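Have a look at the structure below before the remarks.
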Amino acid sequence: MTPGINAAKKAKVSHRIHEYPHDPASESFGTEAAEKMGVDPSRVFKTLVVTIDGKELAVGIVPVTSMLSMKLVAKAAGGKKAVMANKQDVQRSTGYVLGGVSPLGQKKRLKTFIDDSAQHFDTIYVSAGRRGLEIELAPQDLAQLCGGHFAPLHQE
Numbered sequence: 004m005t006p007g008i009n010a011a012k013k014a015k016v017s018h019r020i021h022e023y024p025h026d027p028a029s030e031s032f033g034t035e036a037a038e039k040m041g042v043d044p045s046r047v048f049k050t051l052v053v054t055i056d057g058k059e060l061a062v063g064i065v066p067v068t069s070m071l072s073m074k075l076v077a078k079a080a081g082g083k084k085a086v087m088a089n090k091q092d093v094q095r096s097t098g099y100v101l102g103g104v105s106p107l108g109q110k111k112r113l114k115t116f117i118d119d120s121a122q123h124f125d126t127i128y129v130s131a132g133r134r135g136l137e138i139e140l141a142p143q144d145l146a147q148l149c150g151g152h153f154a155p156l157h158q159e
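Take 4 as the starting number for the sequence shown in the working numbering and just add one per residue.
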């Protein structure tokens with residue numbers, strides 16, 4: 004059990020866990036997840052941590068088929084500039100390793116923004132807290148559990 008799965012169970016939200024054999028040689032954890040689970044990659048979302056205006060960390064959740072727009076995530080967070088966060092800062096604040104960062108059950112609750120495309124699906128997939136483990140849940144439940152807000156965040 005991961006902190007992410009425990010958070011969903013504790014909140015009693017409907018969810019499903021999907022496990023697959025992770026290939027350490029895989030170049031894209033998200034694309035690998037979609038392929039191994041046999042689901043539309045636009046329903047599989049990656050969790051990225053950014054630094055806003057050099058001060059605070061925030062989370063951007065976008066489809067694995069897209070790139071997180073630094074300009075859009077900064078705007079959503081009320082800042083001017085965003086850059087990808089330092090690996091050690093990500094692991095320290097979330098409690099997860101890169102490639103397995105879940106938006107759920109993080110050590111420190113960060114401002115979280117979910118790409119508004121998630122609202123087009125009944126359920127989406129996000130990391131459950133380790134490589135090879137995904138949690139499927141409704142986008143609204145994800146937003147509720149992580150205190151997230153929907154906003155346009157991606158560029159193709």
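The beta-carbon is built from N, C-alpha and C at its ideal position, and this holds for glycine as well.
In this text, all values refer to a predicted model and were calculated from it rather than measured experimentally.
Let's see if you can read the secondary structure: which residues bound the beta strand (DSSP E) around residue 47? Your numbering for residue 47 matches position 44 in the sequence shown. Premise fails: residue 47 is in no beta strand (DSSP E) and is neither H nor E.
Less than 8 angstroms between the C-beta atoms of residue 48 and residue 128, yes or no? For the purposes of this step, residue 48 is taken as residue 45 along the sequence shown, with counting starting at 1. For the purposes of this step, residue 128 is taken as residue 125 along the sequence shown, with counting starting at 1. Contact: yes.
Would you mind sorting residue 19 into buried or exposed? The rule is 16 or more other CB atoms within 10 Å of its CB. One-based indexing of the sequence shown puts residue 19 at position 16. Looking at its Cβ environment, which holds fewer than 16 other Cβ atoms inside 10 Å, residue 19 is exposed.
Alpha carbon to alpha carbon, what distance is there between residue 92 and residue 149? Position 146 of the sequence shown, counted from the start, is the residue given in the question as residue 149. Position 89 of the sequence shown, counted from the start, is the residue given in the question as residue 92. C-alpha separation (whole angstroms): 19 angstroms.
Since residue 137 sits in a beta bridge, which residues does DSSP pair it with? As a first step, residue 137 must be located in the sequence shown, where it is residue number 134. BP columns for residue 137 point to 21, 130.
Pull up the distance between the alpha-carbon of residue 30 and that of residue 71, whole angstroms please. For this step, residue 30 is matched to residue 27 along the sequence shown. For this step, residue 71 is matched to residue 68 along the sequence shown. Cα-Cα distance, rounded: 17 angstroms.
Secondary structure of residue 59, DSSP reduced to three states: On the sequence shown, residue 59 is found 56 positions in, with the first residue counted as 1. Three-state result, residue 59: strand.
Tell me which same chain residues have a C-beta within less than 6 angstroms of the C-beta of residue 1, skipping the five on either side of it? Residue 1 is absent from the model: the chain starts at 4 and stops at 159.
In angstroms with no decimal places, state the Cα-to-Cα distance between residue 181 and residue 28. Since the displayed the chain opens at 4 and closes at 159, residue 181 lies outside it and no answer follows.
Kindly list the residues whose CB is nearer than 6 angstroms to the CB of residue 152, restricted to its own chain and excluding five residues on each side of it in sequence; keep chain order. To locate residue 152, count along the sequence shown from 1; it is residue 149. 116, listed in sequence order.
To the nearest angstrom, report how far apart residue 12 and residue 131 are at their CA atoms. Within the sequence shown, numbered from 1, the residue matching residue 12 stands at position 9. Within the sequence shown, numbered from 1, the residue matching residue 131 stands at position 128. Answer to the nearest angstrom: the Cα atoms are 12 angstroms apart.
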